[in-house]
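Undergrad: Quick one: the structure is below, questions incoming.
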Amino acid sequence: MSKGTVGYDVITYLADIGQDEDFEVARKKAEKLGAKKVYIEDLRKEFVQDFIWPAVQANAVYEDRYLLGTSIARPCIARRQVEIARKEGAEYISHGATGKGNDQIRFELSCYALYPEVKVSNFLHSFDLYHAPADLYLMTKSPKDSPDTSDELELEFQSGVPVKVTNTKDNTSKSSPLEIYSYLNEIGSKHGVGRIDIVENRFIGMKSRGIYETPGGTILLSAHLDIETFTMDKEVRRIKQGLSVRFSELVYNGFWYSPECDYVRHCIAKSQENVDGKVQLSVFKGQVYILGRESPKSLYNEDLVSMDVQGDYDPCDATGFIRINAVRSPRYFFAHSKRPIGK
Numbered sequence: 012m013s014k015g016t017v018g019y020d021v022i023t024y025l026a027d028i029g030q031d032e033d034f035e036v037a038r039k040k041a042e043k044l045g046a047k048k049v050y051i052e053d054l055r056k057e058f059v060q061d062f063i064w065p066a067v068q069a070n071a072v073y074e075d076r077y078l079l080g081t082s083i084a085r086p087c088i089a090r091r092q093v094e095i096a097r098k099e100g101a102e103y104i105s106h107g108a109t110g111k112g113n114d115q116i117r118f119e120l121s122c123y124a125l126y127p128e129v130k131v132s133n134f135l136h137s138f139d140l141y142h143a144p145a146d147l148y149l150m151t152k153s154p155k156d157s158p159d160t161s162d163e164l165e166l167e168f169q170s171g172v173p174v175k176v177t178n179t180k181d182n183t184s185k186s187s188p189l190e191i192y193s194y195l196n197e198i199g200s201k202h203g204v205g206r207i208d209i210v211e212n213r214f215i216g217m218k219s220r221g222i223y224e225t226p227g228g229t230i231l232l233s234a235h236l237d238i239e240t241f242t243m244d245k246e247v248r249r250i251k252q253g254l255s256v257r258f259s260e261l262v263y264n265g266f267w268y269s270p271e272c273d274y275v276r277h278c279i280a281k282s283q284e285n286v287d288g289k290v291q292l293s294v295f296k297g298q299v300y301i302l303g304r305e306s307p308k309s310l311y312n313e314d315l316v317s318m319d320v321q322g323d324y325d326p327c328d329a330t331g332f333i334r335i336n337a338v339r340s341p342r343y344f345f346a347h348s349k350r351p352i353g354k
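For any residue, its number in the numbering used here is found by taking its place in the sequence shown, counting from 1, and adding 11.
Right under this line is the structure:
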């Protein structure tokens, strides 16, 4: 909102991040309601490149189940909103998120980080969901109604980022970020992939029920996890897993534009330098099945792990390794058991 001669001029803004919406109807509605200007911004490309791809690199999942589809969109939407507000000299930024949810926090933290002098207002509304009717799912088919034949895909990664997807059955191929993500959404939706119905912990302390559809993200998570495990050192990945949890919490809670989130994103990007290769997978009846993988930077050595080939490993070395790792166990059971050791 910017100050006019009488009251305030209202400038409306709607972001296209890939949702199914009639933007012209929205424009006409805003104009009819008296908006001085109407901005409808296509943010799909930057949403994928600047926000979804870092989440893919992170294997970002909040509380083990939620792929942050809504959460990751908020800093993208807010960034352009702030750019427009600065351009128009707006004194206020407003949003429609509730005072009870996470989105108010996500939008306002982003606005204050990027435009500290602005004032933020929200228009409170309420919505309760007691059950999940079938028509609530707008993107995905029910798995029971999905095709009886699978789609088989090959996903190629460079530095942990998808660079190409190929359908090995019909040779469809996509290579731009937006095309890759849109195509994976299309395939996942067709097969009923990515539906979840969960109870989650909001940042403000209450539990809420969330019903989400993330078809493309679910396919990407499965593929990226596979190629990452194939190419990343065990101890590096252990540290990276902790960073992934922290990144997911920061994004969920609205701290994308914070120094700690910036730091974590840089650490995760560093961990992805050798995550190159291809993953073959099948999408069918609500599930993603990994079929195989290949990489020039694979750390897998078939001879080393084979039970039939000794390779460069001496099995006798395991004896000392086992004894050292067993030192603490007898002490623990002796301290916490009434029985003497060995009886």
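The beta-carbon is built from N, C-alpha and C at its ideal position, and this holds for glycine as well.
Taking only runs that begin and end inside the stretch 18-53, name each unbroken alpha helix (DSSP H) of 4 or more residues, in chain order.
TA: Counting only runs of 4 or more, we get 34-43.
Undergrad: Mapping the DSSP letters down to three states, classify G253 as helix, strand or coil.
TA: The sequence position of residue 253 within the sequence shown is 242, counting from 1. G253: helix per DSSP, three-state reduction.
Undergrad: Would you call the stretch 226-238 and the stretch 30-40 touching, i.e. three or more CB-CB distances under 8 Å?
TA: Judged by Cβ distances under 8 Å, the stretch 226-238 makes no contact with the stretch 30-40, as fewer than three pairs qualify.
Undergrad: Is K43 buried or exposed, if buried means 16 or more other CB atoms sit within 10 Å of its CB?
TA: By 1-based counting over the sequence shown, the position of residue 43 is 32. With fewer than 16 other Cβ atoms within 10 Å, it is exposed.
Undergrad: How long is the line joining the alpha carbons of S200 and R90, rounded to whole angstroms?
TA: Translated into the one-based positions of the sequence shown, residue 200 becomes position 189. Translated into the one-based positions of the sequence shown, residue 90 becomes position 79. One C-alpha to the other measures close to 28 Å.
Undergrad: Taking 7 Å as the limit between beta carbons, can you name the residues of its chain near I250, skipping five residues before and five after?
TA: Position 239 of the sequence shown holds residue 250. If we look at I250 and ignore the five residues flanking it on each side, it has no Cβ neighbours.
Undergrad: Count the CB pairs spanning the stretch 299-314 and the stretch 112-125 that are closer than 8 Å, and state whether there are at least three.
TA: No, because fewer than three Cβ pairs between the stretch 299-314 and the stretch 112-125 fall closer than 8 Å, the two stretches do not touch.
Undergrad: Counting along the chain, where does the beta strand (DSSP E) carrying E163 start and finish?
TA: Taking the first residue of the sequence shown as 1, we reach residue 163 at position 152. Segment 162-169, the beta strand (DSSP E) holding E163.
Undergrad: First and last residue of the alpha helix (DSSP H) that includes F344?
TA: Start at 1 with the first residue of the sequence shown, and residue 344 comes out as number 333. F344 -> alpha helix (DSSP H) spans 339-346.
Undergrad: Below 8 Å, how does it come out for the stretch 256-269 and the stretch 63-81: are there three or more Cβ pairs, yes or no?
TA: The stretch 256-269, when compared against the stretch 63-81, does touch it at the 8 Å Cβ threshold.
Undergrad: Suppose you measure from the CA of E102 to the CA of A37; what does that come to, to the nearest Å?
TA: Locating residue 102 in the sequence shown gives position 91, counting from the first residue. Locating residue 37 in the sequence shown gives position 26, counting from the first residue. Straight-line Cα distance between these residues: approximately 24 Å.
Undergrad: So, helix, strand or coil for V176, using DSSP?
TA: Taking the sequence shown and counting its residues from 1, one reaches residue 176 at position 165. Three-state result, V176: strand.
Undergrad: Rounding to the nearest angstrom, what Cα-Cα distance links M243 and K175 in this structure?
TA: For this step, residue 243 is matched to residue 232 along the sequence shown. For this step, residue 175 is matched to residue 164 along the sequence shown. In a straight line, the C-alpha of M243 is about 21 Å away from that of K175.
Undergrad: Rank N212, R213, R206, D237 by C-alpha distance to the C-alpha of I222 and give the top, closest one.
TA: What you label residue 222 is simply residue 211 of the sequence shown in a count that begins at 1. Comparing Cα positions, the closest option is R206.
Undergrad: Between P270, V262, E246, which has its C-alpha nearest V67's C-alpha?
TA: Counting from 1 along the sequence shown, the entry for residue 67 is found at position 56. Considering only alpha carbons, the answer is V262.
Undergrad: Of all the alpha helix (DSSP H) runs that stay within the bounds of the stretch 207-251, which reach a length of 4 or more residues?
TA: As far as the stretch 207-251 is concerned, its whole alpha helix (DSSP H) runs of at least 4 residues are 226-242.
Undergrad: So, S121 versus G265, is the Cβ gap smaller than 8 Å?
TA: Locating residue 121 in the sequence shown gives position 110, where the first residue counts as 1. Locating residue 265 in the sequence shown gives position 254, where the first residue counts as 1. Their beta carbons are under 8 Å apart, which means S121 touches G265 by this criterion.
Undergrad: By the 10 Å Cβ neighbour count, where 16 or more other Cβ atoms means buried, how is S82 classified, buried or exposed?
TA: Here residue 82 is taken as the residue at index 71 of the sequence shown, counted from 1. Buried: at least 16 other Cβ atoms inside 10 Å.
Undergrad: Taking the Cβ atom as the reference point for each residue, do V294 and S161 lie within a distance shorter than 8 Å?
TA: What you label residue 294 is simply residue 283 of the sequence shown in a count that begins at 1. What you label residue 161 is simply residue 150 of the sequence shown in a count that begins at 1. Going by C-beta atoms, V294 is nearer than 8 Å to S161.
Undergrad: Taking only three categories from DSSP, how would you classify E305?
TA: Looking up residue 305 in the sequence shown gives position 294. Strand, per DSSP.
Undergrad: Should D11 and C87 be called a contact, given that it needs their Cβ atoms to be closer than 8 Å?
TA: Nothing in the structure corresponds to residue 11, since the chain is present only between 12 and 354.
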